[in-house]
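*Asks:* Structure in structure tokens, see below.
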Amino acid sequence: MSAASMNTASTSTTNRPPLSPTPRSTPQRTKERVRTDRADLDAVLDAGLVCHIGVLLGGSPVVIPTAYGRDGDTLYLHGSTGAGNMRAALAGDISVAVTLLDGIVYARSAMHFSMNYRSAVVLGRAVELVESDARSHALKVIVEHSAPGAWDRVRLPNKKELAATVVLALDLTEASVKVRTGGPKDDPDDVTVGGVWAGVLPARRVWDAPISSDDLEAGVEVPRDVLDRAASCSAAV
196 MSAASMNTAS TSTTNRPPLS PTPRSTPQRT KERVRTDRAD LDAVLDAGLV CHIGVLLGGS
256 PVVIPTAYGR DGDTLYLHGS TGAGNMRAAL AGDISVAVTL LDGIVYARSA MHFSMNYRSA
316 VVLGRAVELV ESDARSHALK VIVEHSAPGA WDRVRLPNKK ELAATVVLAL DLTEASVKVR
376 TGGPKDDPDD VTVGGVWAGV LPARRVWDAP ISSDDLEAGV EVPRDVLDRA ASCSAAV
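Counting from 196, one number per residue, gives the positions in the sequence shown under my numbering.
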């Protein structure tokens, strides 16, 4: 089962709390960009591949990029047991951010240049998963989010690897989503003067052709799900 299908199957459309249920997760600026539907949060998290985890480490803020996976209203994260940021993630509340760039907005005035984007910020207290089945499920969700279809054909984590891995679950209750679309918001005077190009340079993620490992034995073909993903590069993400 792919990450997308797992997420769809696990997400209930009813009894879900609204986005930004607390003051600290309620955006205060550019409120026209705020989204309140939890489906918007799902869409951003499912489309992204890298999140940034903010923690306090030794009294200083640290932001760590990492892979993640979503299943229903839970975000899964993982890291090394020897990583200080993982220990810090369990010592207090954390912030997790995912941003998707959709375009660069060119304006007639330098101060009105912008970006079209979709972004999500999740706040809360992560919980360490210690039960074997829960850890295995979380790791599968993370792998399938990054590489749909891979989990069932590769060697699964052994005891040594699992012992060296911290697996975290973060509830998605306290979250916010902002989206910017459209062209520049130029001042009327700048529009009237004219002579300067304004518009949007769209951005999207694409996949190139797969590159097999140098040590791959003869006869092993690129899996169909990898080929299909590469062939879908014309679709905007």
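Even for Gly, the Cβ is constructed at its ideal location relative to N, Cα and C. Nothing here was measured: the structure is a model prediction, and the numbers come from that model.
(1) Sort Trp402, Pro212, Ala413, Val395 by Cα distance to Ala426 and report the nearest one.
(2) What residues are listed by DSSP as bridge partners for Arg265?
(3) Classify Ala333 as helix, strand or coil using the three-state DSSP reduction.
(4) Going by the beta-carbon positions, is the gap between Gly259 and His247 smaller than 8 Å?
(5) So, is Gly253 buried or exposed, given that buried needs 16 or more other C-beta atoms within 10 angstroms?
(6) Excluding the five sequence neighbours on either side, which residues of its own chain have a C-beta within less than 8 Å of the C-beta of Val415, listed in chain order?
(7) Rounded to whole angstroms, what's the CA-CA distance from Ile299 to Ala342? Just pull it up for me.
(8) Quick one: what's got a C-beta closer than 7 Å to Leu367's C-beta in the same chain, skipping five residues either side?
(9) Go through its chain and collect everything with a Cβ distance to Pro397's Cβ below 6 Å, but skip five positions before and after it.
(10) I'd like the span of the beta strand (DSSP E) that includes Met310, first residue to last.
(11) Using the beta-carbon count (16 or more within 10 Å), is Asp232 buried or exposed?
(12) Roughly how many angstroms separate the alpha carbons of Asn311 and Ala364, rounded to a whole number?
(13) By DSSP's criteria, Asp366 is part of a beta bridge. Which residues make up the other side?
(14) Just to check my reading of the structure: Leu324 and Val291 have Cβ atoms closer than 8 Å, yes? What is that Cβ distance to the nearest angstrom?
(15) Run through the DSSP bridge pairs and tell me what Val374 is partnered with.
(16) Quick check on the burial criterion: 16 or more other C-beta atoms within 10 angstroms. Buried or exposed for Ala315?
(17) Might you give, ordered along the chain, the residues of its own chain that have their beta carbon closer than 7 Å to the beta carbon of Ala413, omitting 5 neighbours on each side?
(18) Closer than 8 Å by C-beta to Lys380: which residues in its own chain qualify, once you throw out the five before and the five after it? Chain order, please.
(19) Note the first and the last residue of the continuous alpha helix (DSSP H) segment covering Ala283.
(20) Between Trp392, Ser371, Leu411, which has its C-alpha nearest Lys226's C-alpha?
(21) Tell me which residue opens and which closes the alpha helix (DSSP H) that Asp288 is part of.
(22) Just to confirm the assignment, what range does the alpha helix (DSSP H) spanning Leu357 have?
(23) Skipping 5 residues on each side, what residues in its chain have a beta carbon closer than 6 Å to that of Val421?
(24) Apart from the five residues on each side of it in sequence, which residues of its chain come closer than 6 Å, Cβ to Cβ, to Lys335?
(25) Does Leu422 come out as helix, strand or coil in the three-state DSSP assignment?
*Replies:* In terms of the structure at hand:
(1) Trp402
(2) Leu270
(3) helix
(4) Note that residue 259 corresponds to Ile in the displayed sequence, not to Gly. The answer is yes: Cβ separation under 8 Å.
(5) exposed
(6) Ser407
(7) 28 Å
(8) Leu236, Asp268, Thr269, Leu270, Val317
(9) Gly298
(10) 309 to 319
(11) exposed
(12) 30 Å
(13) Thr269
(14) So it is not a contact: roughly 16 Å between Cβ atoms.
(15) Arg313
(16) buried
(17) none
(18) Ala302, His307, Ser309
(19) 279 to 284
(20) Ser371
(21) Careful: Asp288 lies outside any alpha helix (DSSP H) and carries neither H nor E.
(22) 354 to 358
(23) Pro405
(24) Trp346
(25) helix
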